[in-house]
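Right, one structure below, let's go through it.
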């Protein structure tokens, strides 16, 4: 039995459309089915490829904020919340890639690497990882508004990542954030394959974490 790739794509309404040339080639490169060899009545096994985000962490800052920080929760917008990769095919059309996915949910990964970045950057006296229950001066939460491969122009595919961070007093949500900042990155990649997309996504996250560390270090925070 020979391996094969699908030759159709679906819109969000579920209708089947003809393959649309170079743009469709990128969609298929990012979301093609990979089949193991099989024969007879044996059904081919579906093979998924899994990825972890592994951004470059920022260098230690020259100034450190006094006090302790607890890394809170990073929520993700509903279209990008799952582990499957998401590809944007047109202005209103997104496709979920069943065969390529994150090893763990993206919100969990981004929260953890954010904490790692702040530890590495020495932004606060103490930074605790997500899930660690401690009394801290501050808590940092986040919201991911976009996390996808933009394939609207197949000649110029790009990884898109948007994150907003919120710094609040660690008082159980009783007070409003004292600091917030939104970051948006779009990193192009030349080769239409999944590894190139993940590399670009890591570059986007690396840039965001470097800017976050720099901005938090420079922030004029109120007295605790």
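Numbering (this note's numbering), first residue to last: 9 to 232.
Ideal Cβ positions, reconstructed from N, Cα and C, are used throughout, including at glycine.
Next item on the list: Please report the residue range of the alpha helix (DSSP H) in which residue 61 lies.
Entry: For residue 61, there is no enclosing alpha helix (DSSP H), since its DSSP letter is neither H nor E.
Notebook entry, point to check: Should residue 220 go down as buried or exposed, given a rule of 16 or more other Cβ atoms within 10 Å for buried?
Noted result: buried
Note to self: Taking 8 Å as the cut-off, does the segment 153–160 touch the segment 123–141 (at least 3 CB pairs, one atom from each stretch)?
What the structure shows: Result no; under three Cβ-Cβ pairs closer than 8 Å.
Margin query: Measuring CB atoms only, is the segment 144–159 touching the segment 89–96, in the sense that at least three cross pairs come out at less than 8 Å?
Written below: yes
Item checked: Inter-residue Cα distance where the pair is residue 212 and residue 169 -> Taking C-alpha positions only, residue 212 is separated from residue 169 by approximately 7 Å.
Margin query: Using the three-state DSSP reduction, which class does residue 90 fall into: helix, strand or coil?
Written below: In the three-state scheme derived from DSSP, where H, G and I count as helix and E and B as strand, residue 90 is classed as coil.
Note to self: Out of 79, 224, 106, which one is the CA nearest neighbour of residue 59?
What the structure shows: With distances taken between CA atoms, residue 59 lies nearest to 106 out of 79, 224, 106.
Margin query: With a threshold of 6 Å on Cβ separation, who are the neighbours of residue 199 within its own chain once the five nearest residues in sequence on each side are excluded?
Written below: none
Notebook entry, point to check: By a C-beta neighbour count over all protein chains shown, 10 Å radius and 16 as the cutoff for buried, is residue 111 buried or exposed?
Noted result: exposed
Next item on the list: Kindly indicate which residue of 100, 152, 189 has the alpha-carbon position closest to the one of residue 119.
Entry: 152
Next item on the list: Rounded to whole angstroms, what's the CA-CA distance from residue 134 to residue 223? Just pull it up for me.
Entry: 17 Å
Check: Leaving out five residues before and five after residue 172 in sequence, what residues of the same chain have Cβ atoms less than 6 Å from its Cβ?
Finding: 151, 190
Notebook entry, point to check: Any idea what DSSP makes of residue 214, helix, strand or coil?
Noted result: DSSP places residue 214 within a helical segment (H, G or I) once states are collapsed to three.
Note to self: If you measure between the beta carbons of residue 76 and residue 145, is that distance less than 7 Å?
What the structure shows: When the beta-carbon positions are compared, residue 76 and residue 145 come within less than 7 Å of each other.
Check: Would you report the Cα separation of residue 184 and residue 103, rounded to the nearest angstrom?
Finding: Looking at the two C-alpha atoms, the distance is approximately 36 Å.
Note to self: Once DSSP output is grouped into helix, strand and coil, what is the label at residue 179?
What the structure shows: coil
Item checked: residue 217 to residue 64 span [Cα, whole Å] -> 8 Å
Notebook entry, point to check: Between the Cα of residue 192 and the Cα atoms of 116, 140, 117, 167, which residue gives the shortest distance?
Noted result: Of 116, 140, 117, 167, the residue nearest in Cα terms is 167.
Margin query: Would residue 227 and residue 187 be called neighbours here (beta carbons separated by less than 7 Å)?
Written below: Contact flag set, yes.
Notebook entry, point to check: From residue 69 to residue 225, what does the alpha carbon distance come to, in whole angstroms?
Noted result: 7 Å
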